[in-house]
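Worksheet: the structure to be examined is printed underneath.
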Amino acid sequence: MTIIMRAATPTDYPAIVDVGWRATADYGLTVADLRFAEQQRAADTVAGRFVAVTPAKEIIGAASYAQSAPKDEPRRFNVWFHVLPQYQGQDIGKRLYERVMAELTPHGPHCLETGVRTDLPRAVRFLADRGFTEVMRECETHLELATFEPDRFVADLQKMAVLGLELKMLTELNADEERDAKLYQLHRHQHETAKNTSAFALFDEWRAQFWQLPHLHADAFCVAVAGDQYVGHSHALVTDSPELIYGYTGVLPAYRNQGIARAMKICVLQWAKAQGYTRVRSWSDSHNKAMIRVNLHLG
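This is the structure in structure tokens:
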């Protein structure tokens, strides 16, 4: 069977998402995510997407590449490869990889980044055979909301008042005229605290992107407020599935180790349970023992 490798178009996005989900159980992207990424990407960013197509015009594989930090590290790229399980082991992934590398070579890449589940040995071997090495491992945790009992954590929430903090969802911050500016400062501080080398977006650019995020839900986004300052936030990513994907949770350094991250998560989980969601999935850096303890504490 002759497989054609060609550049992807927006009409291919549903098939690309389908391939991703069938190739790995936690692909996580939707058609809206792919469209959003294309819309937000600067015109001069080096990026591309390819599909593997059968003679019957079935898309059975997909690959993508993009600069990880276009302005600061233009030669560092993230790359992704997915092939339908029944077509794996037939050199389709190899050909997609070669196509991506042919596109990247003129740009002199010095680092390629990707991710893989350790329970997919073929995928792990595919990357290892091409020189990829592990630099970080994430721990996946699940919470079944049917067994989550918010009443068990009342003391965690009451402690926030003792600390002089309020926990509010984004919808409860609508009256704050400085809301977006405060959110921006919080995100910028968290970006700098994480020692990211890439420059943080300017305010107007950040605000436009933030409110267009495909999975943002104002009632699933909790903010810790100390006086007139926002000192932490925690949010879940809403999809059409009964499962939620937990997003970022972070607190400014001066407010850490006081139970704030845990309390914010409790607020989000209370909302999720009330809305009828069944499960929450979360990923944490395996070295982030504090966040893993928070997740285990919550069940």
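Residue numbers (numbering that gives the first Met the number 0): 0 to 298. For every residue, glycine included, the Cβ atom is placed at its ideal position computed from N, Cα and C.
Inspect the CB distances between the stretch 221-235 and the stretch 203-211 and report whether three or more fall short of 8 Å. No, they do not touch.
Just to check my reading of the structure: residue 164 and residue 259 have Cβ atoms closer than 8 Å, yes? What is that Cβ distance to the nearest angstrom? Position 165 of the sequence shown, counting from 1, holds the residue named residue 164. Position 260 of the sequence shown, counting from 1, holds the residue named residue 259. At roughly 7 Å, the Cβ-Cβ gap stays under 8 Å, so residue 164 and residue 259 are in contact.
Among the candidates 253, 212, 252, 257, whose CA atom is the shortest distance from the CA of residue 246? As a first step, residue 246 is located in the sequence shown; it is residue number 247 there, counting from the start. The residue with the shortest Cα to Cα distance from residue 246 is 212.
Can you tell which of 72, 117, 137, 50 has the C-alpha that lies nearest to the C-alpha of residue 97? Against the sequence shown, residue 97 aligns to sequence position 98. Nearest to residue 97 by C-alpha distance, out of 72, 117, 137, 50, is 50.
Whole-angstrom C-beta distance between residue 9 and residue 44, which should lie under 8 Å: Position 45 of the sequence shown, counting from 1, holds the residue named residue 44. Position 10 of the sequence shown, counting from 1, holds the residue named residue 9. In fact, because the Cβ distance is near 17 Å, the residues do not count as touching under 8 Å.
Contact between the stretch 235-242 and the stretch 271-288: three or more CB pairs below 8 Å? Touching, per the Cβ criterion.
Would you grab the beta carbon distance between residue 220 and residue 168 for me? Rounded to a whole angstrom, and I think it's under 8 Å. Walking along the sequence shown from the start, residue 220 turns up at place 221. Walking along the sequence shown from the start, residue 168 turns up at place 169. In this structure residue 220 is in contact with residue 168, their Cβ atoms being roughly 6 Å apart against a cut-off of 8 Å.
Taking residue 299 and residue 83 to be in contact with their CB atoms under 8 Å, please state how far apart those CB atoms are, rounded to whole angstroms. As shown, the chain starts at 0 and ends at 298. That puts residue 299 outside it, with no answer to give.
Please name the residue in 282, 189, 159 whose C-alpha comes closest to that of residue 226. For the purposes of this step, residue 226 is taken as residue 227 along the sequence shown, with counting starting at 1. With distances taken between Cα atoms, residue 226 lies closest to 159.
Taking 8 Å as the threshold (C-beta atoms), are residue 2 and residue 91 in contact? For the purposes of this step, residue 91 is taken as the residue at position 92 of the sequence shown. For the purposes of this step, residue 2 is taken as the residue at position 3 of the sequence shown. Note that the C-beta distance between residue 91 and residue 2 is below 8 Å.
Check whether the Cβ atoms of residue 64 and residue 126 sit closer than 8 Å, and answer yes or no. Along the sequence shown, read from residue 1 onward, the residue named residue 64 stands at position 65. Along the sequence shown, read from residue 1 onward, the residue named residue 126 stands at position 127. Result no, Cβ atoms of residue 64 and residue 126 do not sit closer than 8 Å.
Does DSSP classify residue 79 as helix, strand or coil? What you label residue 79 is simply residue 80 of the sequence shown in a count that begins at 1. The answer is strand: DSSP assigns residue 79 an E or B state.
Segments of 4+ residues assigned as alpha helix (DSSP H) that fall wholly inside the stretch 123-170: Within the stretch 123-170, the complete alpha helix (DSSP H) runs of at least 4 residues are 153-161.
Which whole-angstrom value is the C-beta distance of residue 292 and residue 155, which I expect to be below 8 Å? Within the sequence shown, the letter at position 293 stands for residue 292. Within the sequence shown, the letter at position 156 stands for residue 155. Their Cβ separation, rounded to whole angstroms, is 13 Å, which puts residue 292 and residue 155 out of contact at 8 Å.
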